[in-house]
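Colleague: Residue numbers (our numbering): 110 to 232.
Just so you know, even glycine gets a beta-carbon here, dropped at the ideal spot from N, CA and C.
Please read these numbers as outputs of a predicted model, since none were measured by experiment.
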């Protein structure tokens, strides 16, 4: 199970670092072309979401990998799960079933990592 959690952590890390860099780094107009949900949020909010995704993506891997404050790994996974709950609500409200599916999968993966690293497979 430990190896499985590591695989999930790396997948979440890659996905959220990429999303975070995109949301925090690209101008709002450019994001609107690919992500219609952006129109519901101000640019500072989108940048904040991107920054939190980036921090969470790094947080699910680096503390556990380095052994420095590994308790931050399940905390980061919990934070990512909360972000995905907000994303699910946004996609449901906008009637975007594909968005609900993607964010739902990411929510489950983050929740599994949080559960595993807080509980039976902690560091």
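(1) Does the distance from the CB of residue 122 to the CB of residue 169 come in under 8 Å?
(2) Within a Cβ cutoff of 8 Å, which residues of the same chain sit near residue 182, ignoring the five residues on either side of it in sequence?
(3) How about residue 188 and residue 146: do their beta carbons lie closer than 8 Å?
(4) On the three-state DSSP scale, how would you describe residue 158?
(5) Could you check what DSSP says for residue 180 in three-state terms: helix, strand or coil?
(6) Tell me which same chain residues have a C-beta within less than 8 Å of the C-beta of residue 141, skipping the five on either side of it?
(7) Grab me the residues of residue 162's own chain with a C-beta within less than 7 Å of its C-beta, minus the 5 sequence neighbours each way, in chain order.
(8) On the CB-based measure, 16 or more other CB atoms within 10 Å of its CB, does residue 113 come out buried or exposed?
(9) Counting only runs of 4+ residues fully inside the region 116 to 151, write out the alpha helix (DSSP H) ranges in chain order.
(10) With 16 as the cutoff for other CB atoms within 10 Å, does residue 178 come out buried or exposed?
(11) Looking at the secondary structure, which residues open and close the alpha helix (DSSP H) in which residue 172 lies?
(12) Can you name the start and end residues of the alpha helix (DSSP H) that residue 226 belongs to?
Modeller: From the atom records:
(1) As a first step, residue 122 is located in the chain shown; it is residue number 13 there, counting from the start. As a first step, residue 169 is located in the chain shown; it is residue number 60 there, counting from the start. Result yes, Cβ atoms of residue 122 and residue 169 sit closer than 8 Å.
(2) Reading the chain shown from its first residue, position 73 is the one you call residue 182. Hits under 8 Å: 118, 168, 169, 170, 172, 173, 222, 226 and 232.
(3) Position 79 of the chain shown, counted from the start, is the residue given in the question as residue 188. Position 37 of the chain shown, counted from the start, is the residue given in the question as residue 146. Contact flag unset, no.
(4) Looking up residue 158 in the chain shown gives position 49. In this structure, residue 158 counts as helix in the three-state DSSP scheme.
(5) Taking the chain shown and counting its residues from 1, one reaches residue 180 at position 71. Correct three-state label for residue 180: coil.
(6) As a working mapping, residue 141 is identified with position 32 in the chain shown. Excluding sequence neighbours, residue 141 sits near 147 and 148.
(7) As a first step, residue 162 must be located in the chain shown, where it is residue number 53. Taken in chain order, the residues that qualify are 125, 128, 129, 132 and 192.
(8) Here residue 113 is taken as the residue at index 4 of the chain shown, counted from 1. Exposed, because fewer than 16 other Cβ atoms sit within 10 Å of the Cβ of residue 113.
(9) 137 to 143
(10) Position 69 of the chain shown, counting from 1, holds the residue named residue 178. Label assigned to residue 178: exposed.
(11) As a first step, residue 172 must be located in the chain shown, where it is residue number 63. Residues 171 to 175.
(12) As a working mapping, residue 226 is identified with position 117 in the chain shown. 206 to 227 is the extent of the alpha helix (DSSP H) around residue 226.
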